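Here the structure comes first, spelled out in structure tokens, and everything after it is commentary.
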Amino acid sequence: AQKVTQAQTEISVVEKEDVTLDCVYETRDTTYYLFWYKQPPSGELVFLIRRNSFDEQNEISGRYSWNFQKSTSSFNFTITASQVVDSAVYFCALSEMKGAQKLVFGQGTRLTINP
Amino acid sequence: DTAVSQTPKYLVTQMGNDKSIKCEQNLGHDTMYWYKQDSKKFLKIMFSYNNKELIINETVPNRFSPKSPDKAHLNLHINSLELGDSAVYFCASSPGGLAGVDTQYFGPGTRLTVL
Numbered sequence: 287a288q289k290v291t292q293a294q295t296e297i298s299v300v301e302k303e304d305v306t307l308d309c310v311y312e313t314r315d316t317t318y319y320l321f322w323y324k325q326p327p328s329g330e331l332v333f334l335i336r337r338n339s340f341d342e343q344n345e346i347s348g349r350y351s352w353n354f355q356k357s358t359s360s361f362n363f364t365i366t367a368s369q370v371v372d373s374a375v376y377f378c379a380l381s382e383m384k385g386a387q388k389l390v391f392g393q394g395t396r397l398t399i400n401p
Numbered sequence: 123d124t125a126v127s128q129t130p131k132y133l134v135t136q137m138g139n140d141k142s143i144k145c146e147q148n149l150g151h152d153t154m155y156w157y158k159q160d161s162k163k164f165l166k167i168m169f170s171y172n173n174k175e176l177i178i179n180e181t182v183p184n185r186f187s188p189k190s191p192d193k194a195h196l197n198l199h200i201n202s203l204e205l206g207d208s209a210v211y212f213c214a215s216s217p218g219g220l221a222g223v224d225t226q227y228f229g230p231g232t233r234l235t236v237l
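Note that the protein sequences, when read in sequence, are chains F and B.
In terms of the working numbering, the first sequence opens at residue 287 and continues consecutively.
In terms of the working numbering, the second sequence opens at residue 123 and continues consecutively.
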């Protein structure tokens, strides 16, 4: 069965600090995809990244970076030099290749960046 | 310009009523989804349609009935609304191709409040 765990319920940091959001997943499938979505206070779900299980290269996009480690079943997300606009709930999600493609979400981490 | 749109954005109704939420996507995608986000922000798949055919039905009460008149639309009808149905309902769509697991793009959500 698929499962995603985001153990950090809430994180609060001061602007310009770096912050890492943890994501640990469980799956029996050898081929799967991992995602991160952002849900700002306005409520919409914004896609951030998609990564397949065969690509363990870390990814950097501006101040955002993602560290995928199959050995620890983790797909962590780091924001460098955080800004107030980064305040949101962040969701990690997993989709297996087998069967119908559904996203299984973690519980979300509420990130608050204080000025 | 809106890729995935939902109407209405807010829906307040009495217990026992029947209501519908509409979703439309203009991305040319083949697959559409309904997710439910509860008061604790937990997101869970409800249904998925691929080219008007139901492919996921995640043990949702049969008071919920999705309908896809064409591949650009997926509506959600709810009969005999209960207090526990209060949530934010998100529609999403994805290309539905065979190459891997697609990214799902979400609509703005419909906040349903049952009184």
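Idealized CB from N, CA, C, for every residue including glycine.
This one's a predicted model, so the numbers in the text were calculated from it and none came from an experiment.
Taking all protein chains shown into account, do 16 or more other C-beta atoms lie within 10 angstroms of the C-beta of residue i, making it buried, or fewer, making it exposed?
i: F:E312; result: exposed
i: B:M168; result: buried
i: F:V375; result: buried
i: F:S381; result: buried
i: F:G348; result: exposed
i: F:F340; result: exposed
i: F:N344; result: exposed
i: F:T295; result: exposed
i: F:P401; result: exposed
i: B:N184; result: exposed
i: B:V126; result: buried
i: B:P188; result: buried
i: B:S202; result: exposed
i: B:D140; result: exposed
i: B:S161; result: exposed
i: B:A209; result: buried
Measure the alpha-carbon distance for residue i versus residue j and round it to whole angstroms.
i: F:L389; j: B:N179; result: 13 Å
i: B:G150; j: B:T225; result: 14 Å
i: B:L198; j: B:K158; result: 11 Å
i: B:V134; j: B:S215; result: 25 Å
i: F:V370; j: B:Q136; result: 38 Å
i: F:I346; j: F:A367; result: 14 Å
i: F:F333; j: F:Y323; result: 5 Å
i: B:G138; j: B:K193; result: 30 Å
i: F:L320; j: F:C378; result: 7 Å
i: F:V305; j: B:T129; result: 36 Å
i: B:L165; j: F:I399; result: 23 Å
i: F:T316; j: F:W352; result: 20 Å
i: F:K356; j: F:S298; result: 28 Å
i: F:K289; j: B:V223; result: 17 Å
i: B:N172; j: B:L205; result: 30 Å
i: B:D152; j: B:H195; result: 10 Å
i: F:E330; j: F:R336; result: 18 Å
i: F:G394; j: B:K174; result: 31 Å
i: B:Y132; j: F:S373; result: 24 Å
i: F:R396; j: F:P326; result: 10 Å
Based on the DSSP secondary-structure assignment, which residues constitute the bridge partners of residue i?
i: B:R105; result: Missing from the structure shown is residue 105 of chain B; chain B here goes from 123 to 237 and no further.
i: B:M154; result: B:Y171, B:S215
i: F:N400; result: F:V300
i: F:E312; result: F:K289
i: B:P188; result: B:L198
i: B:E146; result: B:S127, B:H195
i: F:R337; result: F:L320
i: F:Q294; result: Answer is none; F:Q294 lacks a bridge partner.
i: F:Q325; result: F:V375
i: F:S351; result: F:I346, F:T364
i: B:N179; result: B:F169
_Taking beta-carbon pairs under 9 Å, can you tell me which members of the region 160-172 of chain B lie near chain F?_
K162, K163, F164, L165, K166, I167, S170, N172
*Any chance the region 307-325 of chain F sits against the region 343-362 of chain F, with 3 or more Cβ pairs inside 8 Å?*
yes
*When you check each C-beta in the region 361-379 of chain F against every C-beta of chain B, which residues fall closer than 9 Å?*
V375, F377, A379
*Relative to chain F, which residues along the region 192-215 of chain B have a C-beta separation below 9 Å, given in chain order?*
V210, F212, A214
_Stretch-stretch touch, CB-based, cutoff 8 Å, three pairs: the region 229-236 of chain B with the region 139-149 of chain B_ = yes
_Within 9 Å of chain B by C-beta, residues of the region 311-325 of chain F in sequence order_ = T317, Y318, Y319, F321, Y323, Q325
*Check distances from the C-beta atoms of the region 384-395 of chain F to those of chain B and list, in chain order, the residues that come in under 8 Å.*
A386, Q387, K388, L389, V390, F391, Q393, G394
*Using a Cβ cut-off of 9 Å, which residues of the region 175-193 of chain B contact any Cβ in chain F, in chain order?*
I177, I178, E180
_Near-chain F residues of the region 126-158 of chain B - C-beta to any C-beta below 7 Å_ = none
*Could you run through the region 342-355 of chain F and flag, in chain order, every residue whose CB is less than 8 Å away from some CB of chain B?*
none
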